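Numbering (UniProt numbering), first residue to last: 1 to 732.
Rendered as structure tokens:
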């Protein structure tokens, strides 16, 4: 049994020790929900193997593994089973895991990435060498290649293939062994079967050219097959690791230190982990809040857009609540700490996202669904052919059985999905949509509902002047003055109004939570800011005001829809899909955006929990949901959606939960992705149909003893080439 991390054995497993990766739904000492990062997963079948291994432990209530994110959610009783036993059970099943805290998981991913790269390098480099040694046999005319030289080249190919079999192909053999031990037939089983039979048949032909295995060798096809499969897995591994890195970056995004105020009037910088409920902290302008709390003194504006979806900075004064992770835009605030660490709002959202991300998809990929039947049919055909030919001509029985196994090697079947997905992923990348999970293309085909967030998704991430008005005054002349004064402020409202022209202002002062004031050339005092600060009778329809006491200009700032938002919504509706708007912003702002884009179904004031509940309700009603968002508050609902797209400039946590990143911020890429996904599914089905037709044509010939192993090897390579070339049509 492996040694457990310090302080994590059942004997001393308490809430404080498990806190970095564990929650306690019923309170400390009861059932725990822990998150782990798992290394060594290669396909969806691994999820079932891990879950089965853990459920055998007496203190484990439930285990759920998400194959896409390689994340394990474990419900267990630490008082009944040691964490060391959990990790040992995973290791015995062939996997490694670490609690989902940043440093150990990052090191685990680094080791996994390095080992995968070495496997790919060995397979790719040796494949090229084997190809060079095999070329003379293909291009030489009859009699040009002497028997001794031909045999020497074959021996060289065999020697170079050994490291590929012993090291590079290791994940396929280990994966197949785990699946067989668990009584499952995943895609690793037929792949391993094809690799092993090809190598054994080629080795037998090399050592005994006149023996029952014939004289043809296929080391070049074998090494090429392994290299292509490892390349596809390298891309999948990279996408999963980028998502995990992004999640950890956000989970640790709180400030490194906070200014704690002591009772004697002094202050000190301490890490956020050292803060306790009831203590006081001071947050200067430009700093992030290290804990949830309540404002004791000071006033200013706080940017909570990435947490709440609110488009504008929120004014904070004494008694107002603030949340960890939000940014103090201006002013200095003294805050009483109310929640710290895992209890903060931001970390609660992280937990929601992790839990949603740990849930297993409702269906596995198309290849996993056909793997078991394919393997069973291949084995039965080869066994039947060998037995039949043993009675007909015993000297040919082994050769015929080997020919059947080689001709049915699942090269085309295994490459069908990666070839189509990688090509489609490249086509989408050129449109500005970067896929983090290539298998999302399959799920995109089933989408019938597209849900958009508002702020930063359907709208630009800046405000614009929607209208302005004044009573008994020249509104346009006042607007010019307001713009020139706004150029002297750094507040987001002022930046949206400023036009870059600075007027002749003196005695400029910016008051946190109120606005900016200055005197004109005549010495008159003008104010730009909160309507209640500028005028004693504020207009409720205005978000901003500019005036000097005897005249007032009212301004309404609003978000601007993205340039192609209306076109994208119309295209989605033309495709027959429902379009919904789900936002945490104010009802008036959401209603304006919905009206501008002709979206009938919208909901405002949604919290992360209510967003998650809404999506799950729609899914329970049979809808397949594509979610497009950008804020931290969108991360849980992104993780729970059937397919998720995050805006490229959005919060890191939202991007980590997404299947794709919209780097171009062009919303038309969403309906284009849905269209391309259907084309990709057609190409994938064509590739699978080709693999089936190839087998239907060649297997009878192999069974009849009319297909020599050389022809079987050529057919295997030709089918793989067809699959790759057919997938290239998606680039059009």
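Idealized CB from N, CA, C, for every residue including glycine. The structure presented is a predicted model; accordingly, all values stated were derived computationally and were not measured.
Checklist entry - Roughly how many angstroms separate the alpha carbons of residue 335 and residue 124, rounded to a whole number? => result 58 Å
Checklist entry - Quick one: complete beta strand (DSSP E) runs, 3+ long, within the region 430-514? => result 433-435, 449-452, 459-470, 506-511
Item to check | Within the region 534-611, ranges of the alpha helix (DSSP H) (whole runs, at least 4 residues) | outcome: 565-574, 587-597
Next on the checklist: Need the endpoints of the alpha helix (DSSP H) that residue 172 sits in, please.
Outcome noted: 170-181
Checklist entry - Taking buried to mean at least 16 other C-beta atoms within 10 Å of its own C-beta, is residue 450 buried or exposed? => result buried
Item to check | Opposing strand residues paired with residue 50 [DSSP bridges] | outcome: Per DSSP, none; premise fails for residue 50.
Next on the checklist: Please report the distance separating the alpha-carbon of residue 287 from that of residue 183.
Outcome noted: 55 Å
Item to check | Residues near residue 567 by beta carbon distance below 7 Å, same chain, minus five either side | outcome: 668
Checklist entry - Between residue 683 and residue 614, which are expected to be in contact by the criterion C-beta below 8 Å, what is the C-beta distance as a whole number of angstroms? => result About 34 Å; that fails the 8 Å criterion.
Checklist entry - Where do the ends of the beta strand (DSSP E) carrying residue 157 lie? => result Residue 157 -> not in any beta strand (DSSP E); alpha helix (DSSP H) instead, spanning 147-163.
Item to check | Identity of the residue in 595, 608, 457 nearest residue 636 by Cα | outcome: 608
Next on the checklist: Tell me which residues share the same chain as residue 551 and place their Cβ nearer than 6 Å to its Cβ, disregarding the 5 neighbours each side in the sequence.
Outcome noted: 473
Checklist entry - With 16 other CB atoms within 10 Å as the buried threshold, where does residue 601 fall? => result exposed
Checklist entry - So, helix, strand or coil for residue 326, using DSSP? => result coil
Checklist entry - For residue 188, which of helix, strand or coil comes out of DSSP? => result helix
Checklist entry - Between residue 642 and residue 666, is the Cβ-Cβ spacing less than 8 Å? => result no
Item to check | For residue 292: DSSP bridge partner residues | outcome: 339
Next on the checklist: Do residue 529 and residue 549 count as a contact pair if the criterion is CB distance below 8 Å?
Outcome noted: no
Next on the checklist: I'd like to check one pair, residue 160 with residue 136: are the Cβ atoms closer than 8 Å?
Outcome noted: no
Item to check | C-beta atoms of residue 597 and residue 560 nearer than 8 Å | outcome: no
Checklist entry - residue 702 by DSSP, collapsed to three states: which one? => result helix
Checklist entry - When burial is assigned at 16 or more other CB atoms within 10 Å of the CB, is residue 645 buried or exposed? => result buried
Item to check | Residues near residue 599 by beta carbon distance below 6 Å, same chain, minus five either side | outcome: 579, 581
Checklist entry - With a CB to CB cut of under 8 Å and the five nearest residues on each side skipped, what residues in its chain are close to residue 587? => result 604, 605
Checklist entry - Who are the near neighbours of residue 337 in its chain, counting only those whose CB is closer than 8 Å to its CB and skipping five residues on each side? => result 275, 276, 277, 278, 279, 280, 281, 291, 292, 293
Next on the checklist: Quick check: the Cα distance between residue 385 and residue 696, rounded to an integer number of angstroms?
Outcome noted: 15 Å
Checklist entry - So residue 556 packs on residue 467, CB below 8 Å; how close in whole Å? => result 5 Å
Item to check | Extent of the continuous beta strand (DSSP E) run through residue 626 | outcome: 625-629
Checklist entry - Do you know offhand how far residue 315's Cα is from residue 76's? => result 44 Å
Next on the checklist: I'd like the list of long-range same chain contacts for residue 618, defined as Cβ closer than 7 Å, with 5 residues on each side in sequence excluded.
Outcome noted: 449, 625
Item to check | Continuous beta strand (DSSP E) stretch holding residue 65: start and end | outcome: 60-66
Checklist entry - Can at least three beta-carbon pairs, one atom from the region 671-683 and one from the region 429-445, be found at a separation below 8 Å? => result yes
Next on the checklist: Can you look up residue 679 in the DSSP assignment and give me helix, strand or coil?
Outcome noted: helix
Checklist entry - Which residue's Cα is closest to the Cα of residue 725: 423, 563, 571? => result 423
Checklist entry - Does the count of Cβ pairs from the region 86-93 and the region 54-70 closer than 8 Å reach three? => result yes
Item to check | Alpha-carbon to alpha-carbon, residue 58 and residue 112 | outcome: 30 Å
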